[in-house]
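Peer 1: One structure, as structure tokens, below. Some questions next.
There are 2 protein chains.
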Amino acid sequence: MNKRLMTPGPTPLPPQVIKALGQQVLHHRTKEYADVLASLSSGLKYVFATDYPVVTLTASGTGGMEAAVANCFRPGDRVLLVSAGVFGDRFYDICRCMGLNVTKLDVSWGKGIGAAEVLSHLTGDEKGVIVTHNETSTAARSDIETIGKALKGTGMFYIVDAVSSLGGMEVRPEDWGIDIVVTSSQKALMCPPGLTFLSVSQRAMEAARKNTSRRHYWDLCKAVDFLSKQPPQHPFTPAVNIVMASLEAVSLIQKEGLENVWQRHKRMGEMAREGVKAMGLELFADEKYASDTLTAVKVPEGIDGQEVIGRMEEDFGIIIAGGNRSLKGKIIRIAHMGYISEGDVLDTLKALEETLVGLGRPVDAGKALAVAKTIMDTGGTKQ
Amino acid sequence: MNKRLMTPGPTPLPPQVIKALGQQVLHHRTKEYADVLASLSSGLKYVFATDYPVVTLTASGTGGMEAAVANCFRPGDRVLLVSAGVFGDRFYDICRCMGLNVTKLDVSWGKGIGAAEVLSHLTGDEKGVIVTHNETSTAARSDIETIGKALKGTGMFYIVDAVSSLGGMEVRPEDWGIDIVVTSSQKALMCPPGLTFLSVSQRAMEAARKNTSRRHYWDLCKAVDFLSKQPPQHPFTPAVNIVMASLEAVSLIQKEGLENVWQRHKRMGEMAREGVKAMGLELFADEKYASDTLTAVKVPEGIDGQEVIGRMEEDFGIIIAGGNRSLKGKIIRIAHMGYISEGDVLDTLKALEETLVGLGRPVDAGKALAVAKTIMDTGGTKQ
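In structure tokens, the structure reads:
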């Protein structure tokens with residue numbers, strides 16, 4: 611039985627993507643492959659809503675985060691890093707490993723951050739600011755738009771981890787002044803895991819060219835230069851089959867239309883939140899910062915979160931995620947990103963309701979589904 | 611038409627591998643995936659002929675080379691690097707990017723190196739020695755066994771780039787004293803590109819734990835520690851589909867038997883070399899250092915190497931490689947590694963013969979095939 615991955619990555623692969631993946635490998639220095647890479651890169655510009663070059667590296671999103679740091683900063687550079695959960699903390703670890711003088715601005719788990727708070731923590735010495743768009747461990751988003759607009763003209767580099775948002779939530783590198791947006795293939799972009807994609811501003815490129823930080827595989831200048839060649843190439847052997855599969859996935863987003871994709875995610879987020887609330891459950895994240903791609907739900911007193919997850923998989927074939935670290939057993943996380951439809955969200959709500967009832971939790975039967983269905987039918991709140 | 615990749619990576623994927631690749635993605639924190647990873651890691655120990663842990667990182671072989679350097683050495687450390695071609699030079703670039711004080715020992719292209727020459731270039735200050743086993747740009751191998759045995763007990767770290775040899779040529783990490791063997795998925799191992807595999811000695815692990823070099827994604831201690839967990843994991847999201855495909859590929863090697871696989875490559879190498887010589891062509895690499903996985907052939911005076919390659923692909927669907935850098939147009943490289951049989955080598959020789967005749971080069975018709983067939987039938991020189 612193929613299980614449904616309502617997890618925040620990897621997410622289910624569309625059949626077209628699976629088909630493209632399961633093919634004989636192409637040599638990466640052929641014209642045929644160069645055509646694939648050219649189409650993928652142009653498609654990635656579309657989904658990143660940018661004219662900046664978007665490079666494809668063979669690595670996980672964590673590798674992409676390391677690449678962003680290694681190119682924009684030098685050891686000793688002071689940066690302000692906002693952490694609102696596990697993945698903010700991971701970016702902090704990367705900065706420390708890379709020798710930066712990093713100040714961590716801790717945001718309460720379940721909340722996001724806006725421009726005012728970031729500005730109030732700047733000392734004037736920072737070379738850059740790093741923010742997680744959508745914190746996967748808490749399902750809270752930060753307002754990367756106002757932060758970026760407030761940082762414009764300061765000369766600082768602004769790096770955004772959009773690993774669990776890009777392709778499902780609006781991101782606009784130029785308008786929002788983001789020097790590097792990092793994402794990975796296996797979340798809202800519906801591609802198999804194994805690639806990280808980064809949009810790189812001219813300003814970041816110019817700084818990277820003068821930067822002597824220790825990097826080779828993560829050299830974004832080399833990656834951009836190879837991508838600009840005719841025909842385009844990568845400096846090193848890419849994960850060819852994943853690149854071919856990713857082209858299919860990105861084409862699906864192009865066909866649906868990026869604004870429609872964002873709207874679908876917004877609608878699914880609303881359905882999930884209103885649905886679980888109608889079941890009498892409480893959201894983990896402050897709704898002011900609600901994510902469109904992921905919903906975290908507090909597990910009611912007396913019920914074991916791991917048990918909920920186990921039964922959802924066992925009885926309904928639906929895989930959802932638990933909480934990280936101190937939240938283990940205390941929250942469940944339902945992802946609705948990528949190749950996921952409103953119908954999948956309804957099925958998940960139904961499965962959750964039945965699971966809770968099975969565990970002895972009284973639930974107002976059918977209410978969650980009715981609420982979610984209404985949102986689906988009316989199209990949800992427009993952006 | 612599916613073309614035959616007689617190139618030194620990517621190499622053709624067996625049908626079982628393609629099938630495993632083209633499946634719905636698994637979540638990487640499930641038991642099902644952990645079972646795959648456990649089997650792959652145990653299979654990799656078999657093909658690496660080692661009891662050291664073999665870690666799987668999502669990156670190309672170049673990334674694996676960077677990881678080896680970042681874990682064994684610190685900026686300023688002195689190392690001796692042997693370069694016998696383009697990929698030795700790449701390892702040199704990596705060492706320089708990582709801040710090492712690196713002495714490059716240049717070996718004439720087409721030749722390899724043994725223990726005596728390496729020892730004679732050591733000053734006593736070196737923290738390590740780095741050697742390319744099989745130089746993909748020239749088809750010459752170095753004698754990594756005698757070098758490793760000579761370095762035993764010196765306290766130096768010995769790193770071997772076995773990217774285009776491992777799985778096709780004998781490598782023995784413990785016996786030969788190799789601290790880190792780096793390879794990548796898409797060469798003799800018959801896996802899709804996108805993964806790099808590294809065997810890591812206890813000594814290298816202990817040093818890496820005390821090493822403060824800047825690395826995060828490349829942290830081999832973390833990779834080994836996660837692999838030792840029950841169930842085994844990766845620190846970061848792996849390229850799940852490629853891992854699943856790689857398990858199939860490694861299983862095929864286990865079924866054939868590693869010694870048989872080495873013997874097949876040795877036989878194919880002999881067939882290719884004797885075959886081209888019987889066509890009146892000259893080998894590029896000194897036969898003393900002949901590779902089992904790859905044969906480089908000088909293009910005869912008056913014939914354009916790129917034309918040979920183009921016709922081989924156009925008329926016979928066989929893709930071979932040209933020369934790198936100054937060798938472009940001057941040599942052709944025929945790979946016989948991975949999912950390649952003696953029959954593929956015969957077909958390639960036949961296609962090359964016909965191509966040369968078509969380009970006006972007189973060739974003793976059928977002689978190459980006869981010579982190669984004899985080697986195939988008699989099993990070639992035993993190891």
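Residue numbers (this note's numbering), protein chains in the order written: chain A, 611 to 993; chain B, 611 to 993.
Virtual Cβ for every residue (Gly too), placed ideally from N, Cα, C.
Could you tell me how far apart the beta carbons of A882 of chain B and H946 of chain B are, in whole angstroms, since I believe they sit closer than 8 Å?
Peer 2: Counting from one through the second sequence, the residue named residue 882 of chain B turns up at place 272. Counting from one through the second sequence, the residue named residue 946 of chain B turns up at place 336. The Cβ separation is near 6 Å, so the contact holds.
Peer 1: Name the DSSP beta bridge partners of R614 of chain A, please?
Peer 2: The residue labelled residue 614 of chain A in the question sits at position 4 within the first sequence. DSSP lists A:I928 as partners of R614 of chain A.
Peer 1: When DSSP labels each residue in this structure, what does L710 of chain B get in the three-state scheme?
Peer 2: Locating residue 710 of chain B in the second sequence gives position 100, where the first residue counts as 1. If DSSP states are grouped into helix, strand and coil, L710 of chain B belongs with coil.
Peer 1: Go ahead and pull the three-state DSSP assignment for L715 of chain A.
Peer 2: The residue given as residue 715 of chain A occupies position 105 in the first sequence. Correct three-state label for L715 of chain A: strand.
Peer 1: Please report the straight-line C-alpha distance between Y662 of chain B and K655 of chain B, rounded to a whole angstrom.
Peer 2: Locating residue 662 of chain B in the second sequence gives position 52, where the first residue counts as 1. Locating residue 655 of chain B in the second sequence gives position 45, where the first residue counts as 1. Each residue's Cα considered, the two are about 7 Å apart.
Peer 1: Relative to the C-alpha of G912 of chain B, which residue among B:L891, B:S901, B:A906, B:A900 is closest?
Peer 2: Taking the second sequence and counting its residues from 1, one reaches residue 912 of chain B at position 302. The candidate whose alpha carbon is nearest that of G912 of chain B is B:L891.
Peer 1: With a threshold of 7 Å between beta carbons, is L615 of chain A in contact with chain B?
Peer 2: Translated into the one-based positions of the first sequence, residue 615 of chain A becomes position 5. Closer than 7 Å: yes.
Peer 1: Could you please tell me which residues of the stretch 840-865 of chain A, in chain order, have their CB closer than 7 Å to any CB of chain B?
Peer 2: Answer in chain order: F846, T847, P848, A849, V850, N851, I852.
Peer 1: Could you tell me whether the Cβ atoms of P622 of chain B and S774 of chain B are closer together than 7 Å?
Peer 2: The count along the second sequence starts at 1 and reaches residue 622 of chain B at position 12. The count along the second sequence starts at 1 and reaches residue 774 of chain B at position 164. No, they are not a contact pair.
Peer 1: What separation, rounded to the nearest whole angstrom, lies between the Cα atoms of G778 of chain B and R877 of chain A?
Peer 2: By 1-based counting over the second sequence, the position of residue 778 of chain B is 168. By 1-based counting over the first sequence, the position of residue 877 of chain A is 267. Their backbone Cα atoms lie some 53 Å apart in a straight line.
Peer 1: Check whether the Cβ atoms of Y949 of chain B and P620 of chain B sit closer than 7 Å, and answer yes or no.
Peer 2: Along the second sequence, read from residue 1 onward, the residue named residue 949 of chain B stands at position 339. Along the second sequence, read from residue 1 onward, the residue named residue 620 of chain B stands at position 10. No, they are not a contact pair.
Peer 1: Please classify S951 of chain A as buried or exposed, where buried requires at least 16 neighbouring CB atoms within 10 angstroms.
Peer 2: The residue given as residue 951 of chain A occupies position 341 in the first sequence. Looking at its Cβ environment, which holds fewer than 16 other Cβ atoms inside 10 Å, S951 of chain A is exposed.
Peer 1: Distance, Cα to Cα, M708 of chain A vs L868 of chain A?
Peer 2: As a first step, residue 708 of chain A is located in the first sequence; it is residue number 98 there, counting from the start. As a first step, residue 868 of chain A is located in the first sequence; it is residue number 258 there, counting from the start. Computed Cα separation, rounded: 35 Å.
Peer 1: Rounded to whole angstroms, what's the CA-CA distance from G653 of chain A to I757 of chain B? Just pull it up for me.
Peer 2: Reading the first sequence from its first residue, position 43 is the one you call residue 653 of chain A. Reading the second sequence from its first residue, position 147 is the one you call residue 757 of chain B. Rounded to whole angstroms, G653 of chain A to I757 of chain B spans 49 Å at the Cα level.
Peer 1: Taking three-plus beta-carbon pairs below 8 Å as touching, is the stretch 841-860 of chain B in contact with the stretch 662-675 of chain B?
Peer 2: Verdict: yes, contact present.
Peer 1: Just checking: is the beta-carbon of S670 of chain B within a distance shorter than 7 Å of some beta-carbon in chain A?
Peer 2: For the purposes of this step, residue 670 of chain B is taken as the residue at position 60 of the second sequence. Yes, contact with chain A.
Peer 1: Does K797 of chain A pass the burial test, meaning 16 or more other C-beta atoms within 10 Å, or should it be called exposed?
Peer 2: The residue given as residue 797 of chain A occupies position 187 in the first sequence. So K797 of chain A counts as buried.
Peer 1: At least one CB of chain B closer than 7 Å to the CB of P803 of chain A: is that the case?
Peer 2: Here residue 803 of chain A refers to the residue found at position 193 when the first sequence is read from its first residue. At least one chain B Cβ lies under 7 Å of P803 of chain A.
Peer 1: For the alpha helix (DSSP H) containing F836 of chain A, list its first residue and its last residue.
Peer 2: Taking the first residue of the first sequence as position 1, residue 836 of chain A is located at position 226. Where F836 of chain A is concerned, the enclosing alpha helix (DSSP H) stretches over 830-838.
Peer 1: Given this structure, state the Cα-to-Cα distance separating A855 of chain A from E745 of chain A, to the nearest angstrom.
Peer 2: As a first step, residue 855 of chain A is located in the first sequence; it is residue number 245 there, counting from the start. As a first step, residue 745 of chain A is located in the first sequence; it is residue number 135 there, counting from the start. Going from the Cα of A855 of chain A to the Cα of E745 of chain A covers about 26 Å.
Peer 1: What did DSSP end up calling I985 of chain B once you bin it into helix, strand or coil?
Peer 2: Locating residue 985 of chain B in the second sequence gives position 375, where the first residue counts as 1. Here I985 of chain B sits in helix by DSSP.
Peer 1: Report the option in A:N612, A:Q634, A:Q626 whose CA atom is closest to the CA atom of L862 of chain A.
Peer 2: Numbered from its first residue, the first sequence carries residue 862 of chain A at position 252. Closest by alpha carbon: A:Q626.
Peer 1: With DSSP as the reference, identify every bridge partner of V665 of chain B, one or two as the case may be.
Peer 2: Numbered from its first residue, the second sequence carries residue 665 of chain B at position 55. Paired residues: B:L808.
Peer 1: Counting only the same chain and skipping the five closest in sequence on each side, list residues whose C-beta sits under 7 Å from that of H637 of chain A.
Peer 2: Indexing the first sequence from 1 puts residue 637 of chain A at position 27. Answer for H637 of chain A: Y643, listed in chain order.
Peer 1: Would S901 of chain A and A749 of chain A be called neighbours here (beta carbons separated by less than 7 Å)?
Peer 2: The residue given as residue 901 of chain A occupies position 291 in the first sequence. The residue given as residue 749 of chain A occupies position 139 in the first sequence. For S901 of chain A and A749 of chain A, yes; Cβs fall inside 7 Å.
Peer 1: Nearest by alpha-carbon distance to R700 of chain A: which of A:A669, A:A680, A:T742 is it?
Peer 2: Against the first sequence, residue 700 of chain A aligns to sequence position 90. Cα-wise, what sits closest to R700 of chain A is A:T742.
Peer 1: Starting from S649 of chain B, follow the alpha helix (DSSP H) in both directions and report where the run begins and ends.
Peer 2: One-based indexing of the second sequence puts residue 649 of chain B at position 39. Here the alpha helix (DSSP H) through S649 of chain B covers 641-657.
Peer 1: Do the stretch 818-825 of chain B and the stretch 677-694 of chain B make contact, defined as three or more Cβ pairs closer than 8 Å?
Peer 2: Contact between the stretch 818-825 of chain B and the stretch 677-694 of chain B is present, because at least three Cβ pairs lie under 8 Å.
Peer 1: How about H946 of chain B: is its C-beta nearer than 7 Å to some C-beta of chain A?
Peer 2: Counting from one through the second sequence, the residue named residue 946 of chain B turns up at place 336. With 7 Å as the cut-off, H946 of chain B does not count as an interface residue toward chain A.
Peer 1: Tell me whether R824 of chain A is buried or exposed, calling it buried when 16 or more other Cβ atoms sit within 10 Å of its Cβ.
Peer 2: On the first sequence, position 214 is the one that residue 824 of chain A refers to. So R824 of chain A ends up on the buried side.
Peer 1: By the DSSP assignment, the beta strand (DSSP E) with T793 of chain B in it spans what residues?
Peer 2: Working through the second sequence from its first residue, we reach residue 793 of chain B at position 183. 790-794 is the extent of the beta strand (DSSP E) around T793 of chain B.
Peer 1: If I'm right that A906 of chain A touches R943 of chain A with Cβ under 8 Å, what's the distance once you round it to whole angstroms?
Peer 2: Walking along the first sequence from the start, residue 906 of chain A turns up at place 296. Walking along the first sequence from the start, residue 943 of chain A turns up at place 333. Going by Cβ atoms, the distance from A906 of chain A to R943 of chain A rounds to 5 Å, so yes, they are a contact pair.
Peer 1: To the nearest angstrom, report how far apart E755 of chain B and G933 of chain B are at their CA atoms.
Peer 2: In the second sequence, residue 755 of chain B corresponds to position 145, counting from 1. In the second sequence, residue 933 of chain B corresponds to position 323, counting from 1. Taking the straight line from one Cα to the other gives about 27 Å.
Peer 1: So if DSSP puts M779 of chain A in a beta bridge, which residue, or which two residues, is it bridged to?
Peer 2: Position 169 of the first sequence, counted from the start, is the residue given in the question as residue 779 of chain A. In DSSP, M779 of chain A forms a bridge with A:L776.
Peer 1: Does Q634 of chain B get closer than 7 Å to chain A when you measure Cβ to Cβ?
Peer 2: If you number the second sequence from 1, residue 634 of chain B lands on position 24. It does; some Cβ of chain A falls within 7 Å.
Peer 1: Fully enclosed by the stretch 890-926 of chain A, which beta strand (DSSP E) runs are 3 residues long or longer?
Peer 2: Runs of the beta strand (DSSP E) inside the stretch 890-926 of chain A: 904-908.
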